[in-house]
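Remarks on the structure that follows.
Chains as they are written, first to last, in our numbering: chain V, 269 to 1117; chain W, 2 to 175.
Written out as structure tokens, the structure reads:
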């Protein structure tokens, strides 16, 4: 029997069984599996080469598909001639934009992509034609035989250009011109906040875009079978959203005829969380040809897919008291969105949402603008929209500490947002371990004794220390499309063999989400986590989980798994209690046995217990589901930022700078992360170290830069470095020593108190590196990446007696002129606000489609 | 009879002979994955930039995406599928699995093959030697640290020591 009581809607986990021994504040010694360094459920397959990634799959009669991509940054498609390609022996199918006219996109508000461009291309790499052939090489050759006639349009190359050129519009939706989104939110009384400030700073920062660079190139295999069912295997982080996009574009194919199987992802980092044109085109091609169709992207094409970090220009004005307490913050961000909407609406809000979660900001004004430009579309990369403002704010606080002669670490400690509180923008903070994180890295790095004192080393270089902090969400509080259903569902099947099978739509991208299911279920049922069978990411078999994004899986899937396991435990207890004649409340589940707590010898094995339950109740299965607690914010835009809990990180970075050249190294990093509770210490460590690594790459070298030249009167506007060699990322040789502190401040919304770990520790790396460079050689690089040539330029400026800084213009010309209109005004909780905007016009009722 | 335009050759892969017909411009990577279905060897660039396709040829780590398959004929090719001894995993595989040195697992086969070759040449590699050896293998998940620790631990175990991971590498610093 399946238990799902429709009257009990998915409850916040905090409500579930507070008497249970696995409540969030359980002592470590009460837990058998949680917190232990158990290997991941799929670890041995991965080290044996047995894990099947999407491109490892082969079906009989499979065709290979390739995409002909635009060579123009911005143009109308005048004519496509595929006749020569069609005549090539081995070519089995050709698709163009007219074959898939329905647009799609990850967010309901920006359905602006097509599987193949029907009439217009918007960046170099936009797909125009799909060709399937018996051999990969034939498909490539056929692409070369296609002739596309373009009519060139003016290229919009960046933020300033997009702001200055409303025409030609890239899209016929959005705010106006090439402005995709504008947000303007005001919390509290800014005028009063700045009036009370004793020191005010205004700075401009730029964060260049960078990309996920997963080691696995995206791949998809699609098979439309003769029963009219479509199956799509893909390297996707979000099988449910891909399923929705396929159902939309392939209409009238019924959604329930479509099956999406998310293969293990060879790295995601956000880069595989949009539904992609190649996935939809492969499905359509299989329907056209009646044969399985595979596409595996080249590395260059992965750069065209992108959806990575937005380039963001920022202007931040902060007011503080003489002792460094923040009284007001006025933050503006300008995002270069690239050619399509993607997650951009959410990204824009995220550049403003979490500033208030680390430090108490009494009065806060956020303005954000996202522009369409003729570049590969930007979207969510690890940290999604929050690393850019985090960089700006943390560097600015460092400058303020310098201005006021304060210790940057102490100044942060003095400003901490309180635990169990509402922020100015109505985000609900639960557990809050940032203070502990700062203390760990300050003590470990010898901050108090060493900062500002390392200076010139015997080798002639200069050392310095930099500190920065951050917070991140444990899953987005709202789903991507409005609905009242759970964010995560888990089904358990208990077998007479004693096998427990967990079915869940979550997708393992290497972070260990499959293992999280095993650990939690194993703990609740008292059985070995490695003996649990985990079936995930298959829309035919598994209940919906929204996907592996926004660091949501441990908390949301974990809570759903816990509910399903608790229900299974109750059923098994019922069977055992009856068989043993012992009250169910006296039963203990441990060591794969169920026994009487008052007489431990009286009991049975787990397998016998499952059989006893099945004999009494029939086939045993349970479900669990989870939806986050309702958000406190009710104003328009308040849907981005709320989360069941927030993680916290603090980092100290040590650098060694050659003051002659600007070349620097990072010998050591101290990173502390408040994870709530580490479900598995070793796996959590891996996430923290991986974040340090990826943050280091962003800080020092990674950039999604474009080459902007003219050639024969035509603007050449292409990605500068679409290869793994030229897109610089840290190797083993750049990786510093890392001292990792796992700080545990359990949160009552998390399974066993757990919070996120996959993204948060990346954020403080970039500002900490910039602050360390300043500590070493006294120059500011207000731009990411802090590449050697920028450090050198700042050192030159210092030598020439100019401002020792590299970055965008600090005056008003640093950011484009944009009319943000009137702000939405929201009273803060301490002004008696209720989470609504007092000047908000009545909203049209069109949201819930 | 061989198809026109193809060569017929016998490879020794993981100690077993395989007779394969393939176009002469095919790389070893393509023949391993597409003709022999040994998909444990991965590709990340097919330009020799990422190291994901590393296999051993006569004991030496090579990038199989840059080696023409015809040049591997008559040589001993070893892939990740040949690392375990029957049902028993190699020490490197054990330590990579237990320490979380494989996250997404995509770069892992290449790194294992490079590390295995290192450990056969050098029973006690220093951290710097491990870094040098793996500098051509990109990993985007781990930050490399668990990989270094796993190689060091496997080296110790191959030397017959009863080595265990440090507490700090599993639970973090105190």
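C-beta atoms are modelled at their ideal positions from N, C-alpha and C, and glycine is treated no differently.
Of all alpha-carbon atoms in V/775, V/753, V/857, the one lying nearest the alpha-carbon of residue 796 of chain V is that of V/857. Ranked by Cα distance from residue 1032 of chain V, the first of V/623, V/381, V/334 is V/623. Judged by beta-carbon spacing, residue 411 of chain V lies within the 8 angstroms limit of residue 336 of chain V, meaning their Cβ atoms are closer than that value. Under the Cβ criterion (8 angstroms, minimum of three pairs), the region 754–769 of chain V counts as touching the region 797–806 of chain V.
In this chain, the beta strand (DSSP E) harbouring residue 856 of chain V covers 855–858. Annotation for residue 712 of chain V: no beta strand (DSSP E) segment contains it, though the alpha helix (DSSP H) segment containing it runs 702–713.
Within the model, the alpha-carbon separation for residue 538 of chain V versus residue 876 of chain V is close to 44 angstroms. For residue 873 of chain V and residue 764 of chain V, the gap between their C-alpha atoms comes out near 12 angstroms. Around the beta carbon of residue 631 of chain V, 16 or more other beta carbons sit within 10 angstroms, so the residue counts as buried. Ranked by Cα distance from residue 450 of chain V, the options V/638, V/571, V/379, V/340 are led by V/638. DSSP, read as helix, strand or coil, puts residue 582 of chain V in strand.
Between residue 510 of chain V and residue 482 of chain V, the CB-CB gap reaches or exceeds 8 angstroms. Taking 3 residues as the shortest admissible run, the region 949–1016 of chain V contains the following complete beta strand (DSSP E) segments, listed from N- to C-terminal end: 974–979, 982–987, 1005–1011.
In the three-state reduction of the DSSP assignment, residue 1106 of chain V falls in the coil class, being assigned neither a helical nor a strand state. With the rule of 3 Cβ pairs closer than 8 angstroms, the region 600–607 of chain V counts as touching the region 570–583 of chain V.
In this structure residue 1105 of chain V does not touch residue 909 of chain V by the C-beta definition: roughly 15 angstroms separates them, more than the 8 angstroms allowed. Separation of the CB atoms of residue 741 of chain V and residue 615 of chain V is rounded to 14 angstroms, and the pair is thereby denied contact status at 8 angstroms.
According to the DSSP assignment, residue 152 of chain W belongs to the alpha helix (DSSP H) that extends over 146–159.
Only exposed fits residue 686 of chain V, as fewer than 16 other CB atoms lie within 10 angstroms of its CB. Apart from the 5 residues on each side of it in sequence, residue 1046 of chain V sits with its Cβ closer than 8 angstroms to the Cβ of 1066, 1072 in its chain, given in chain order. Scanning the region 421–455 of chain V from its first residue to its last, the whole alpha helix (DSSP H) runs of 4-plus residues come out as 427–432. Per DSSP, the continuous beta strand (DSSP E) segment holding residue 893 of chain V begins and ends at 888–894. The Cβ-Cβ distance between residue 560 of chain V and residue 809 of chain V does not fall below 8 angstroms. In its chain, beyond the 5 residues on either side, 308, 951 have a beta carbon closer than 6 angstroms to the beta carbon of residue 780 of chain V. For residue 58 of chain W, no CB of chain V lies under 8 angstroms from its own CB, so it is not counted at the interface with that chain. Per DSSP, the unbroken beta strand (DSSP E) holding residue 772 of chain V starts and ends at 768–772. Think of a sphere of 7 angstroms around the beta carbon of residue 88 of chain W: no beta carbon from chain V falls inside it, the nearest being about 11 angstroms out. 8 angstroms or more divides the Cβ of residue 418 of chain V from the Cβ of residue 500 of chain V. W/159 is the residue among W/159, W/44, W/75 whose C-alpha sits nearest the C-alpha of residue 122 of chain W. Per DSSP, the continuous alpha helix (DSSP H) segment holding residue 787 of chain V begins and ends at 781–793.
Going by DSSP, residue 349 of chain V is part of no alpha helix (DSSP H) but of the beta strand (DSSP E) stretching over 343–349. Look at the region 477–563 of chain V and you find these whole runs of alpha helix (DSSP H), each 4 residues long or longer: 507–517, 545–557. Between the region 93–100 of chain W and the region 29–39 of chain W there are fewer than three C-beta pairs closer than 8 angstroms, too few to call the two in contact.
When Cβ pairs closer than 8 angstroms are counted between the two stretches, the region 942–950 of chain V is seen not to touch the region 1040–1058 of chain V, the count staying below three. Residue pairing by DSSP places residue 775 of chain V opposite no residue, since no beta bridge is assigned to it. When C-beta distances to chain W are compared with 9 angstroms, the residues of the region 513–540 of chain V below that value are 532, 533, 534, 535, 536, 537, in chain order.
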